[in-house]
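Protein sequences appear in the order of chains A and B. Residues in the first sequence are numbered from 0 upward in steps of one, following numbering that gives the first Met the number 0. Residues in the second sequence are numbered from 0 upward in steps of one, following numbering that gives the first Met the number 0. For every residue, glycine included, the Cβ atom is placed at its ideal position computed from N, Cα and C. No experiment lies behind these values; they were computed from the predicted model shown.
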Amino acid sequence: MQLVHPLIWWLWALLLATFVIRADNILIAAAVACAVTLVVVKLKSDNYWSKSFALSVRLALLIIVVRMLIAITIGVPMPGQILFRIPSITLPNWMVGIRIGGDVTSQRLISTFHEVIIIATVILLCGAANSLASPHRMIRSLPRAMYNLGVALSVATSVLPQIVKSIGRIQSAKRLRGQKTRGIRAWRGIALPLLEESLERALDLATAMEARGYGYHGKTTKYRAEPFTFIDLVMIASGVYLVLLSATLLSHFGVVVLALFSLVIVASPIAMVKR
Amino acid sequence: MISFKDVSLIYPNAERTILEELNFEVFEGELVLVIGHTGAGKSSLIKLINGLVPHHTGGILSGEITVAGRSTRQLKPGQLSDVIGIVGQNPINGFVTDIVEEEIAFGLETMGIAPEVMRKRVEEVLDLLSLAPLRNREIASLSGGEQQRVAIGAALVLNPKVLLLDEPTSALDPIAAEEVLSILHRLVHDLGLTVILAEHRLERVIQFADRIMRIGDRGDVSIGTPGEILAHSPIAPPIVNLSKAFKLPEVSLSVREIRRRTESIRNVLQDIPLPQPAADNNGEVLLSLRKVSVAYGDKYALTNISFDIRRGEVVALMGRNGAGKSSLLKSAVGQSPIISGEVLISGKDPKNMDGKALIKHVGYVPQEPGDLLYGESVKDECLLADKDNGVAIGTTLAIYENLMEIPNINAHPRDLSEGQRLGLALSVILSANPDLIILDEPTRGLDYVAKSKLVKILQNLVIDSAQNRSVVIATHDVELVAEVAAKIIFLAEGEIVANGPTRDVLTASPAFAPQVTKVLAPAQWLTVAEVVNALGESAI
């Protein structure tokens, strides 16, 4: 069985995020987002942390919607073609340059959309790394010399998956009290118990690690060697390559080619990695 | 091996000391059982021994604790990991890896043991705990008992002299519990391991204990042989209550012992007719399942389940971990992925009811009753429930007061004891006045006193209420079932394997028989109360 090391998944995601931000192009961002979704769908396991990708998709969509709504209602006036007009509120003098309502121009919507798609893609990449990399294997590969940091990181990386695990349970409990499970008010009721429980679980993990001597002995050994494999090399190399490519100036045609190229490159782990 | 000298423990901002002036010594190769009410400080005591309290949790400690000659004052838990192994209350939360073999190796890895030595140690532990066939399995896919064994193996791999376990069997079905306990018994006898064990379900562990440590409500601790301690403890398993009822000179702890001493009484009981089973219930059908199958992905959790729950019944749902009990209960509130068949709540499909309509018919208390609660205080919670359920203000609080003594109306629901929290969740559910009440594993973490309270509450819900409610309980707790349930539905691998009166189902299987039945077999008595009643009538 060929597995990718969890650190490689994270590094890969970070490199791709750098690529997307530096390329600063909506088409390329969309291509990476599609490819990453494909990778997660094909390679994720049945473990609970795999579900964190679905959560990041929701979060990304929420951010897109909220950001677009803000772009329509509040913002700096920008020239361009006026699409429609909403009633505006006059703000006092000292808030010059900001307005609420007024003309909505195509220019402003396009630039906001561009920006928010890139943010959403970066969020998807984080979600992908979270759901592909087993937090347990991740913890073991963290440097043990920095004991407190190690525990903190292990707690942090396991919190998101734990949250995902608990959401379903607490949501169904809400329904058992005859509550709506959708809407912001319902979420307020879910958030607190969720956070408490996730932290409790993460602390349980830290306690268990401590009780088993984690971090007290300088030298550690590996039960099974986890050598870097060819796949690890390819994934990192392709990430670095894409980041370098993003520095070149491209024509319109070049952007389309680069988008297609990155789609293939990003999706390539599907062909190499077995579940 | 372990010695406590004048040990007291108090948590910051706590109203009382958890433990006071504790002095005792545990010798090598002893199995010591720690008992006490929920919240009395059993977990704290266990964690004190390896220093997780106070190093990890805070708290002020006075006195001196030494384990194998080392003081825990200066040493952190990690530095004691080669002397003490610990298995926490929810082992699943403490697993660091995904695969059985790697989990067992983790402790060795952190110690920097050479790979060849490690391989040998892992192999030994796998054999010792009969885990070898599971070595490459994912831990998440194992049953509760198997996970518990992995956790014990992971703790044992460093060859500790002391093993600490916090409620190792409370989440397990009787068969899995037996598996874990017999392994502990073997470790104590073959390897001379010292074991300290906190547990509520005494009927399971009592026969293995060398000594018992009872933590009182005021942090006072008494230590002695099981016989001495249990003779005066309000916390006692049915076998002890039975020996008291028979007026035996000393309490018996094992089935074998008490059977030897009670031959004549058993002969008398053999001839007394058993209590009559309740007449067939022809009440209105509240919940009806017709050929229901439930599947998660391509895994079937339930296949072709059909049964009815009628008004005025208490039905227990039993079966091993993963037999499909929770899926079945959830299908009654429309939360299981049903692929064929139909579920009807008073004639309607729960999937088509909205939350408000559903809670008027079914009240469901999930495994974690705390999931239902989100108020800031008991008072707040009750007011929220009044509002949610559209009842007069104060209704929920009145129900809660009726159920049990209310702790502190301003306490946060998280700070209540397990029993109090269960009571609060139940009150919240009851204020909507449903006909059918469903409880998923209500006795996990409840001591005998809290449990007997629950039994009374459940009986009142069904018998004394004018409404004639029905209750369905999914549980591993055989003794609870013997006390409250009239009928049992027994599940195995998603299918119903038995569905009948409690007496018939429980006495048919030795693993699921309550203690009283084991003692008095072949007569089919289930509870101490039944026996006392019967003996009273025949006037011995």
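For residue i, count the other beta carbons within 10 Å of its own beta carbon; 16 or more makes it buried, fewer makes it exposed. Which is it?
i      : result
E542/B : Lying before the first or after the last residue shown, residue 542/B is absent from chain B, which here runs from 0 to 539.
W93/A  : exposed
H251/A : exposed
F83/A  : exposed
E478/B : buried
K41/B  : buried
L232/A : exposed
F229/A : exposed
P12/B  : Note that residue 12/B is Asn in the sequence shown here, rather than Pro. Under this definition N12/B is an exposed residue.
I539/B : For I539/B, the pLDDT reaches just 48, beneath the cut-off of 50, and the residue's location in the model is therefore unreliable, leaving the point undetermined.
Can you tell me whether residue i is helix, strand or coil according to DSSP?
i      : result
G238/A : helix
E492/B : coil
K221/A : coil
T89/A  : coil
M352/B : coil
L198/A : helix
R287/A : Any question about residue 287/A goes unanswered here, given that chain A covers just 0 to 274.
D126/B : helix
P500/B : strand
L421/B : helix
S242/B : helix
R258/B : helix
A528/B : helix
T516/B : helix
I166/A : helix
L288/B : strand
E20/B  : strand
I83/B  : strand
S263/B : helix
Please report the residue range of the beta strand (DSSP E) in which residue i lies.
i      : result
L196/B : 193 to 197
I9/B   : 1 to 9
E63/B  : 59 to 66
Y47/A  : Element bounds for Y47/A: n/a, residue is neither H nor E.
D165/B : 161 to 165
G362/B : 361 to 364
T37/B  : Here T37/B belongs to no beta strand (DSSP E), and DSSP marks it neither H nor E.
Of all the CB atoms in chain B, is at least one closer than 7 Å to the CB of residue i?
i      : result
A172/A : yes
P212/A : Per the sequence shown, residue 212/A should be read as Gly rather than Pro. G212/A counts as touching chain B.
G167/A : no
H216/A : yes
M94/A  : no
S267/A : no
L175/A : yes
E209/A : yes
Y240/A : no
H135/A : yes
R57/A  : no
M0/A   : Only weak support exists for where M0/A lies, its pLDDT of 39 falling under 50; the coordinates are left without a value.
D203/A : yes
T89/A  : no
So, does the CB of residue i fall closer than 7 Å to a CB anywhere in chain A?
i      : result
N92/B  : yes
I17/B  : no
D439/B : no
K45/B  : Note on identity: in this sequence residue 45/B is Ile, with Lys being the wrong assignment. Cβ-Cβ to chain A under 7 Å: no for I45/B.
E256/B : no
T395/B : no
L371/B : yes
A104/B : yes
G111/B : yes
Can you tell me where the alpha helix (DSSP H) holding residue i begins and where it ends?
i      : result
D370/B : That residue, D370/B, is in no alpha helix (DSSP H); it is neither H nor E in DSSP.
Y215/A : Per DSSP, Y215/A belongs to no alpha helix (DSSP H) and is neither H nor E.
L61/A  : 51 to 72
T17/A  : 5 to 22
S42/B  : 41 to 49
Cutting at 7 Å between CB atoms, please list the residues of its own chain near residue i, excluding the five before and the five after it.
i      : result
G276/A : This structure leaves residue 276/A out entirely; chain A is present only between 0 and 274.
L180/B : T168, R203, V204, F207
A266/A : A34, L37, V38
What does a CB cutoff of less than 6 Å around residue i pick up in its chain, not counting 5 residues either side in sequence?
i      : result
S221/B : R213
Using a Cβ-based criterion (distance less than 6 Å to any ligand heavy atom), does residue i qualify as near the ligand FMN?
i      : result
R217/B : Looking at this structure, you won't find the ligand FMN or any other ligand, since it has none at all.
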